[in-house]
Amino acid sequence: MNTLVPLVVLVPLLGAAIALIAARLPRLQVAVTILALTAVLAISVVLLVLVDRNGGHAVEVGGWPAPYGIVLVVDRLAALMLLVSSIVLLAVLIFSVGQGMADGDDETPVSIYHPTYLILAAGVFNAFIAGDLFNLYVGFEILLVASYVLLTLGGTAERIRAGVTYIVVSLVSSLLFLAAIGMIYGALGTVNIAQISERLIEIPPDVQLILHIMLLVAFGIKAAIFPLSFWLPDSYPTAPAPVTAVFAGLLTKVGVYAILRTETVMFPTDQLSTPLMIVAALTMIIGILGAVAQADIKRLLSFTLVSHIGYMIFGIALNTVIGMTATIYYVVHHIVVQTTLFLASGLIERRGGSTSINQLGGLLKASPFIGVLFFIPAMNLGGIPPFSGFIGKVALFVSGAEQGTPLIYALLAAGAATSLLTLYALARVWNMAFWRSKDEVEDYKSPLLDQLSERPGGTDTVQRTRATPLLMSGATTAMVGVSLALTVFAGPIYAFADRAGESLAGTNGYVDTVYPNGIPDGAP
Amino acid sequence: MLAVLGAFLVVSLAIPVLSRRVRLPLFLIAALIPAAAFVHALTVAPRVLAGEEIIESVPWISALDITLTMRMDTLAWLLVLVVSGVGALVLLYCARYFAASEDGLGRFAAILLAFAGVMYGLVLSDDVFVLYVFWEATSVFSYLLIGHYTGKSASRGAALQALLVTTAGGLVMLIGIVILAQLAGTTSLAAIVEQPPAGPLATVGVMLLLIGALSKSALVPFHFWLPAAMAAPTPVSAYLHAAAMVKAGIYLVARLAPGFAEYPGWRVLLVSIGVVTMLVGGWRALKQFDLKLVLAYGTVSQLGFLTVVVGYGTRDAALAGVALLLAHALFKATLFLAVGIIDSRAGTRDLRKLSGLGRAAPVLAVVSALAVSSMVGLPPLLGFVAKEAVFTAFLTDALAGSATGWVALGGVALGSVLTVAYSARFLWGAFANKQGVEQTRPARKPADFATAPVILAVVSLAGGLLSDPLGTWLEGYADTLPAWSSGALASGSVPDEVEPYHLALWHGLEPALGISALTLLLGCLLFWKRDAVFAAQSRVPARIDAAKSYWAAMRAIDRTAARTTAATQRGSLPVYLGVILLVLVVAVGSALTLNRSWPQAPVLWDHPGQLAVAVLMAVGAIAAARATKRFEAVVLVGVTGYGMAALFAIQGAPDLAITQVLIETVTLVAFVLVLRRLPVRLGEKHESVHRGARAAIGIAVGLLMATVAMVALGSRVADPISLELPRMASEGGHGDNVVNVLLVDVRAWDTLGEVAVLIVAATGVASLIFLDRRTDNLPRLVDGPRRRGLFGALVQGSTEPRVRAGSDGPSMPLRNAIRDDEDSSRLPWLLAGRTLAPENRSILLEVVVRLLFHSLIVVSVYLLFAGHNLPGGGFAGGLVAGLALVARYLAGGRYELAIAAPIDAGRVLGLGLVFAVGTATVPLIFGADALTSTWFDDAVPFFGQVEFVTSTFFDVGVYLIVVGLVLDVLRSLGAEVDRQQEEENDSSGAQPTAAEESGSRV
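Chains A and B supply the protein sequences, listed in that same order.
The first sequence begins at 1 in our numbering and counts up by one.
The second sequence begins at 1 in our numbering and counts up by one.
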């Protein structure tokens, strides 16, 4: 364990180093990147099994004991996130390799893309295992800076414009996070998460509340919670398809993960439950209304991404073990399904030459297989059973009904409405892009399309349509397979999420993992 | 049962694959599965009818108590027979209905079969959530089937409409299910019905559930989706929209009635909505000209009828209800299939264009007549038996004192009159000879086209004749309900002993028979006077058009969505930032106003110098925000940075101060390099957020942070961990410089992350400037044969640089330099003499820099190694070396830079990362924790006693990465931008602008 845990970060970094040195050997770069992520995937599987059997594990980096040094903590939740994110990263990588081999590397230039992608991966992995608030910040920085580079690949005017919004907002969120860490250190004299949890109860609750809100605002920007979410739909859709896929799947979820840790380990009180629930409802509704108003599939999906973050915030706000369990399952589901849908829209873009439903048509006839690859995750995101979106939704609803306050029922109603509107937006895409024949597209009039807005700065022209390379559709198929596995193996997966939810707090929880013998009083 | 379900799944998945080889026989293969389900249900019939429940169960999500439980009782058994029997016949029919050449047959067959499968699962599920799974699955398959003719926009619109209406109802139902399951503490449908939870919340839950059932079964006000769904191929209409899917709602009502019929609102809701639906449907059916639409509205009407009967909740009504359900499935499927044949043979379904078809297609006419007889309730068909039972059940309960019973009886009687009228209209429209209409000449089709409707019609007849045993079987379900409604019981006039009703063809001259006869008579009258009725109908305006309301609702949603999004998604960064900061101010601010833990004696500063620096920084920051020129803004931002260095110095952290100063300097250089390419003045002020508002937000955030800091620091009770660090650094880390030990040892993991950030930042800069590569950006005078990568040749264009240093049309002096260079074999000491235009040179600077360069590099290496105990370290060292490179570049231009550092920046970065990661990884090999440091203290010849800590390797990595970063920035923002600028100047011949002038002079 002590060896394996740091490797999830070190292996991608080493891969990045090799990729940088081997800048002129693109095949080697590709091989190294795939190898590194495969290795992390294997390590994650081992960690998951070990942690599930033996309970959480904390590694003291450099042998420096907590709270002085940095601890890396792998509990069930962290191991699950590692596994899911490494699967997603690997699938997207293979997709982009397929795209690069077919097109040359205009969209994903090898010498820049691969090292940056690996460093992004390292950042994501580090954020999941950080047992130290400042190290969590470092993890965020790694993945954010890497995402700046990936978002602006190719340097087109549209991407630079989107990049400016994204980078400035992210910097503000990092600044707020850093300030919050400063304040927390000021109040508690430590940045070790487990020790924060212990020391926090010693200070007055009103000061706790202030620190709590500061952290949540910082994380809320990263997780794209309304009204801190406006940056997301303006920035994500412009990036190359694989980049958007991995951003949409993982980056906001790192924010959600941080909020989960905040609410369970550091600030386990329910002092912010009610505001969080209101914010969750607004995120769902405003977000999905945004999706309904879009003609561009990628932008539409970005809005659904924001909207469904609301479900997870709702689950966290419930502040119960079953609520956390439902949230964990929903996070996993959402990572997988959003990534899959963005990959599928990448395929649509290649085959149809556009991602605007005003321009697309006849895709079902042109490629029934892409149809299947889009339809299944679309229904999944729309919460249609038996897919994982439905299971997650039901789990959240059941957790909510257990408390059964009027506010919670209002949230259930908001959740149901969101689900319906998600289905509406996606079924409309299916109607137009897949069912409608290509000849109908010209001068098409439908009341359903009247109010739709195109992506700002998006091109109206339809690009040349191209065949989809096997690696691209293969990677997408694999992701669809993973999403179906979330249904077929829902029993064991949900049971694991249940155990993960239970071990977040309380006995055998996070703090005990870091300090099995209690927090040391003096120096080692 | 689970095995049958599995077979449905597997064969559905296999059909698209098979469809490449076989076309129409696909449907026959598909029909085998529902046929097997039918046979299976028959084989278990004796057990089920004896009252046994057959249960199969597989756990699915045990943490949520969701299990795949299939439970077959009488009600489920009956529906399985309907669903699988009609399903098999419809699939059989498809094999003749479609042409082998049609598109999408494989898809259609697979989806239709899958639909049959989920319908099978729906009626058997005992787990409420699993029931919901199948319930929604039917919606999705129905969506795909209605939209089968993908090229027609009407099909697509109808499909979407059906999906949204039924899913909306479904989601309402889901919340109801969640509530009921929560209250009952179980997910088993049987257990919930057995012991229904009580209380107002349970009533709400049941009502929500009913809304789902009503939307699925197309009752008012959700009825409009069903006629629109007739855009589907006729077999779909026959199966989904007559026999199976629309029955799901009725099934659910029937399933829940034993437990919930006496809940407040249940009976009133179902009877009133059912009656209204029956009348609306019948009324509309009379107006239709398309035979399929006559049937569709007829189905709406009949579903209303069924809801009244099944939802009424007494034993006799329930018995009548299930019989009616069976009868309706049989006759309505027959009629749809018959219409499909008419359409296929005559080429139209418009009853104004059909004439004389009765004589031309006698079999079809007889089959239709049988089915219609069952629909209107003529003996000896099943429909008659069921209708008699309905009238008797309502009449008995009404006579016992139930007001609702009277309403139900009156409603269904009136509805039956309409039913008779539109049934007659259908039969007449399809088969009669009409004056002035050209005789229809039907095309010939294989005789077995009519197999399925013939079988169904025969079963309708047989059902009537065998109603006695049939009734006995169905009593297994009906007996679970009470004999009387609460209304009847409350009136107190309930007879003590009553013979339970049995289904039979002949009950004697009963009142029900009279009602039947009356409705038939009035219905026929209505049909006879059809012209007058039609005229009357067209005078009554359709005041409420549910379909229009649907479109209005969709438009309203779209409009709300568009407006909300336009209001929130402004596309303006200042607005987004304003909102974020406002949220911070409001959220933290309100927490602060509630705060009562204020520090008693806040320490405002440790040293008065801090205040002076802070004021200076604040002034610098405000001035930077107000600056109008870019360069001015950059310098003012620098003030805050240097101020920060001063604060570090005052606080006693020389390391940090030095590093901060070096960083500020490098940043300034980078800024200036970039500014060369940007306009001098800052862009137009963004007016999307008012100036005053921006200032207010800024000031508020500043004050907020200061206050929070004061409160946070004031509330500290525990000792900070930093108190222990100096001792730990020297004992554990073998260094006296705490900051350095912290960076490269105690918190080296952070540093590792931060150097990764640096690498990505450098890569990002290179990416933006070079766009697609970071290699080969080295401007060289001697451009030797370019080495291609090992695999480079295989990936087209990736190593072929878009821009080459030597071939990009440099300015004249440069070109001369290159030529000179090709002549001479060695480079001159001051390269700029050849590569820079004379007006851009400063010989003095060049000489000084050349002389200082090596000393600076030595200093940087010293800082690197001294850092462990004295101020310095890899970061500071790297920055000094970087500054040395900066100086070379500034003095001598980009070719000078290439000579000073003839290596690829990416490789330096990569190498640095290898050092850093290596230091972290190597201890793992020896079984220690990552990044564990160890130390040597030994006598080395010539050097004396040397202490060496392995974490120094880490610092070497940091050093290399910092150097690589600076190099990358210089290459990209310096050299490459120079080159692009020269290229532009060359091509346009334009004079350098003021910005470029000032830039190249810095």
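Positions of the beta carbon are idealized from the N, C-alpha and C atoms, including for glycine.
Taking A:Asp-528 as the query, report the chain B residues whose CB atoms sit under 8 Å from its CB, ordered along the chain.
The question about residue 528 of chain A has no answer here: the residues shown for chain A are numbered 1 through 524.
In chain C, which residues lie with their C-beta within 7 Å of the C-beta of A:Val-138?
No chain C appears in this structure, whose protein chains are A and B.
By Cβ distance below 8 Å, which residues in the same chain neighbour B:Leu-505 in space, the five residues on each side in sequence not counted?
In the second sequence, the residue the question calls residue 505 of chain B occupies position 505. Excluding sequence neighbours, B:Leu-505 sits near Pro-379, Pro-380, Phe-384, Val-385, Gly-464, Leu-465, Ser-467 and Asp-468.
Taking 9 Å as the CB-CB limit, is A:Asp-498 close to chain B?
Along the first sequence, one-based indexing puts residue 498 of chain A at 498. Judged by the 9 Å Cβ criterion, A:Asp-498 is in contact with chain B.
What residues in its chain sit with their C-beta under 8 Å from that of A:Val-149, if we drop five residues either side in the sequence?
For this step, residue 149 of chain A is matched to residue 149 along the first sequence. Answer for A:Val-149: Ile-112 and Thr-116, listed in chain order.
By the 7 Å beta-carbon criterion, what residues does the region 269 to 289 of chain A contribute toward chain B?
Cβ contacts with chain B: Ile-286 and Leu-289.
Along chain B, which residues have their Cβ under 7 Å away from the Cβ of A:Asn-126?
Indexing the first sequence from 1 puts residue 126 of chain A at position 126. In chain order: Gly-753.
Quick one, which residues of the region 209 to 234 of chain A are near chain B if we go by CB-CB under 7 Å, in chain order?
Answer in chain order: Leu-209, Ile-210, Leu-211, Ile-213, Met-214, Val-217, Ile-221, Pro-227, Leu-228, Phe-230, Trp-231, Pro-233 and Asp-234.
Using alpha carbons as the reference points, say which of B:Leu-890, B:Val-689 and B:Ser-855 lies closest to B:Gly-877.
Position 877 of the second sequence, counting from 1, holds the residue named residue 877 of chain B. It is B:Ser-855 whose Cα lies nearest to the Cα of B:Gly-877.
Taking the straight line between their C-alpha atoms, what separation do you get for A:Met-266 and A:Ile-196?
By one-based count along the first sequence, residue 266 of chain A stands at place 266. By one-based count along the first sequence, residue 196 of chain A stands at place 196. Approximately 6 Å, taken between the alpha carbons.
Scan the region 102 to 158 of chain A and note each continuous alpha helix (DSSP H) run of 4 residues or more that stays entirely inside, going in chain order.
The qualifying runs are 110 to 129 and 133 to 151.
Does the beta-carbon distance from B:Ile-29 to B:Val-4 come in below 9 Å?
As a working note, residue 29 of chain B is residue 29 in the second sequence. As a working note, residue 4 of chain B is residue 4 in the second sequence. For B:Ile-29 and B:Val-4, no; Cβs fall outside 9 Å.
Can the beta-carbon of B:Gly-212 be found closer than 9 Å to that of B:Trp-135?
Reading the second sequence from its first residue, position 212 is the one you call residue 212 of chain B. Reading the second sequence from its first residue, position 135 is the one you call residue 135 of chain B. Result yes, Cβ atoms of B:Gly-212 and B:Trp-135 sit closer than 9 Å.
For B:Gly-732, collect the residues of the same chain with a Cβ closer than 7 Å to its Cβ; drop the 5 residues on either side in sequence, then sort them by chain order.
Indexing the second sequence from 1 puts residue 732 of chain B at position 732. Contacts found: none.
Contact between the region 55 to 66 of chain A and the region 474 to 494 of chain A is defined here as three or more beta-carbon pairs at a separation below 8 Å; is this criterion met?
As far as the Cβ criterion goes, the region 55 to 66 of chain A does not touch the region 474 to 494 of chain A, which means the pair count is below three.
Strictly by DSSP, which residues pair up with B:Arg-681?
Position 681 of the second sequence holds residue 681 of chain B. Partner(s): B:Lys-629.
Short of 8 Å in beta carbon distance, which residues of its chain neighbour B:Gly-6, apart from the five on each side in sequence? Order them along the chain.
On the second sequence, residue 6 of chain B is found 6 positions in, with the first residue counted as 1. Cβ within range, chain order: n/a, list empty.
Judging by CA-CA distance, which residue of B:Leu-725, B:Val-579, B:Val-130 and B:Phe-391 is the nearest neighbour of B:Gly-514?
In the second sequence, the residue the question calls residue 514 of chain B occupies position 514. When only C-alpha atoms are compared, the closest one is B:Phe-391.
Assuming the contact rule is C-beta atoms closer than 8 Å, B:His-328 and B:Gln-302 should be a hit. Round their C-beta distance to whole Å, please.
Within the second sequence, residue 328 of chain B is the residue found at index 328, counting from 1. Within the second sequence, residue 302 of chain B is the residue found at index 302, counting from 1. So it is a contact: roughly 5 Å between Cβ atoms.
Given that B:Thr-1070 touches chain A, what residues does it touch there, using C-beta distances under 9 Å?
Only positions 1 to 1002 of chain B appear in this structure, which leaves residue 1070 of chain B out of reach.
Taking only beta-carbon positions, decide if A:Lys-298 is within less than 9 Å of chain B.
In the first sequence, residue 298 of chain A corresponds to position 298, counting from 1. Chain B, which has no Cβ nearer than 9 Å to the Cβ of A:Lys-298, makes this no.
For A:Asp-512, decide whether its Cβ has a neighbour in chain B, counting only Cβ atoms nearer than 9 Å.
The residue labelled residue 512 of chain A in the question sits at position 512 within the first sequence. It does not; no Cβ of chain B falls within 9 Å.
Is it true that the CB of A:Val-256 sits closer than 9 Å to the CB of A:Ile-322?
Translated into positions along the first sequence, residue 322 of chain A becomes position 322. Translated into positions along the first sequence, residue 256 of chain A becomes position 256. Contact: no.
Assess, as a yes-or-no matter, whether the region 277 to 294 of chain A is touched by the region 557 to 564 of chain B under the definition of 3 or more beta carbon pairs within less than 8 Å.
Touching, yes, given that three or more Cβ pairs across the two stretches are closer than 8 Å.
In chain A, what lies closer than 8 Å to B:Arg-255 by C-beta?
On the second sequence, residue 255 of chain B is found 255 positions in, with the first residue counted as 1. Those within 8 Å of B:Arg-255 in chain A number zero; the least Cβ separation is about 19 Å.
Taking any Cβ of chain A, which residues in the region 704 to 723 of chain B have a Cβ under 8 Å from it, in chain order?
Those residues of the region 704 to 723 of chain B that come within reach of chain A (Cβ to Cβ, closer than 8 Å) are Met-705, Val-708, Ala-709, Val-711, Ala-712, Leu-713, Ser-715, Arg-716, Val-717, Ala-718, Asp-719, Pro-720, Ile-721 and Ser-722.
Where do the N-terminal and C-terminal ends of the beta strand (DSSP E) with B:Ser-57 fall, by residue?
The residue given as residue 57 of chain B occupies position 57 in the second sequence. Taken as a continuous stretch (DSSP letters only), the beta strand (DSSP E) holding B:Ser-57 covers 54 to 61.
Could you give the DSSP three-state label for B:Leu-68: helix, strand or coil?
As a working mapping, residue 68 of chain B is identified with position 68 in the second sequence. Strand, per DSSP.
For chain B, is any of its Cβ atoms less than 9 Å away from the one on A:Tyr-515?
Here residue 515 of chain A refers to the residue found at position 515 of the first sequence. By this cut-off, A:Tyr-515 is not an interface position.
Please determine if the region 237 to 250 of chain A and the region 206 to 222 of chain A are in contact, where contact requires at least 3 C-beta pairs separated by less than 8 Å.
Short answer: they don't touch.
Give the single residue among B:Pro-720, B:Leu-160 and B:Thr-419 whose Cα lies nearest to the Cα of A:Arg-436.
As a first step, residue 436 of chain A is located in the first sequence; it is residue number 436 there, counting from the start. Of B:Pro-720, B:Leu-160 and B:Thr-419, the residue nearest in Cα terms is B:Leu-160.
Taking C-beta to C-beta, are B:Asp-745 and B:Gly-735 nearer than 9 Å?
Position 745 of the second sequence holds residue 745 of chain B. Position 735 of the second sequence holds residue 735 of chain B. The answer is yes: Cβ separation under 9 Å.
Out of B:Ser-19, B:Thr-167 and B:Phe-426, which has the shortest C-alpha to C-alpha gap to B:Phe-108?
As a working note, residue 108 of chain B is residue 108 in the second sequence. Nearest option by C-alpha distance: B:Ser-19.
For A:Asp-206, return the contacting residues in chain B, with the cut-off set at a CB-CB distance below 8 Å.
Counting from 1 along the first sequence, the entry for residue 206 of chain A is found at position 206. The answer, in chain order, is Ala-591, Leu-594, Asn-595, Arg-596 and Ser-597.
How many Å lie between B:Gln-610 and A:Val-336 at the Cα?
The residue you call residue 610 of chain B lines up with position 610 of the second sequence. The residue you call residue 336 of chain A lines up with position 336 of the first sequence. Rounded to the nearest angstrom, the two C-alpha atoms are 51 Å apart.
So does the region 26 to 34 of chain A actually touch the region 914 to 928 of chain B, counting three or more Cβ pairs closer than 8 Å?
Contact between the region 26 to 34 of chain A and the region 914 to 928 of chain B is absent, because fewer than three Cβ pairs lie under 8 Å.
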